[in-house]
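Those letters in the sequence shown? Residues 1 to 120, per UniProt numbering, in order.
Beta carbons are placed, not taken as given, at the ideal position from N, Cα and C, and that holds for glycine.
These notes concern the structure reproduced below.
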Amino acid sequence: MAEAAGVPLPGRLKKRSEFLAVRRGTKRRGPLFLLEVLERGDQGLPRFGITVTKKVGNSVERNRIRRRVREAIRTHAAGDMSPGRDYVIVGRRDILSVPFDALKEELSRRMRDNKPVRPG
């Protein structure tokens, strides 16, 4: 198991069925991304997935968004993820224009926010 600064890195969601399952969870809207969270019911490592729709620029921009979010999770937000939860981040184009520190803070704040916004 890999670790970043003593915090175990979360697992990854890779299958379409896993992403669709998380859509049934709660949604936390923000200016930079939509965060979908699903309580799995176990105490395993948290898992995350990143998606960016084709409405957001070309493939170069979409991949840059994914890389920035992945790095923000790896360096900063992994410790804020709760065990037994799956997270899907739906990136928006604004992620490219904000400073990286602002992205890390927003992501970390949304991960720590335990109150559900709206069931899916």
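If you reduce the DSSP assignment to three classes, tell me which class residue i lands in.
i, result
"residue 38", "strand"
"residue 84", "coil"
"residue 98", "coil"
"residue 22", "helix"
"residue 27", "strand"
"residue 44", "coil"
"residue 12", "strand"
Would you kindly work out how many angstroms separate the C-alpha atoms of residue i and residue j, rounded to a whole number?
i, j, result
"residue 23", "residue 100", "27 Å"
"residue 118", "residue 58", "Because residue 118 carries a pLDDT of 48, less than 50, the predicted location of this residue cannot be relied on, and no value is offered for it."
"residue 103", "residue 78", "14 Å"
"residue 73", "residue 46", "12 Å"
"residue 80", "residue 10", "10 Å"
"residue 108", "residue 19", "21 Å"
"residue 13", "residue 49", "5 Å"
"residue 60", "residue 41", "37 Å"
"residue 21", "residue 51", "14 Å"
"residue 76", "residue 70", "10 Å"
"residue 16", "residue 25", "15 Å"
For residue i, collect the residues of the same chain with a Cβ closer than 8 Å to its Cβ; drop the 5 residues on either side in sequence, then sort them by chain order.
i, result
"residue 113", "28"
"residue 30", "106, 110"
"residue 54", "62"
"residue 56", "62, 65, 91, 92, 93"
State the start and end residues of the unbroken alpha helix (DSSP H) segment that holds residue i.
i, result
"residue 65", "59-72"
Could you pull out every residue in the same chain whose Cβ sits closer than 7 Å to the Cβ of residue i, ignoring the five residues on either side in sequence?
i, result
"residue 44", "83, 84"
"residue 32", "92, 94, 95, 98, 103, 106"
Please report the residue range of the beta strand (DSSP E) in which residue i lies.
i, result
"residue 47", "47-51"
State whether the region 26-39 contacts the region 82-90, with contact taken as three or more CB pairs (one from each stretch) at a distance under 8 Å. yes
Measuring CB atoms only, is the region 60-67 touching the region 90-108, in the sense that at least three cross pairs come out at less than 8 Å? yes
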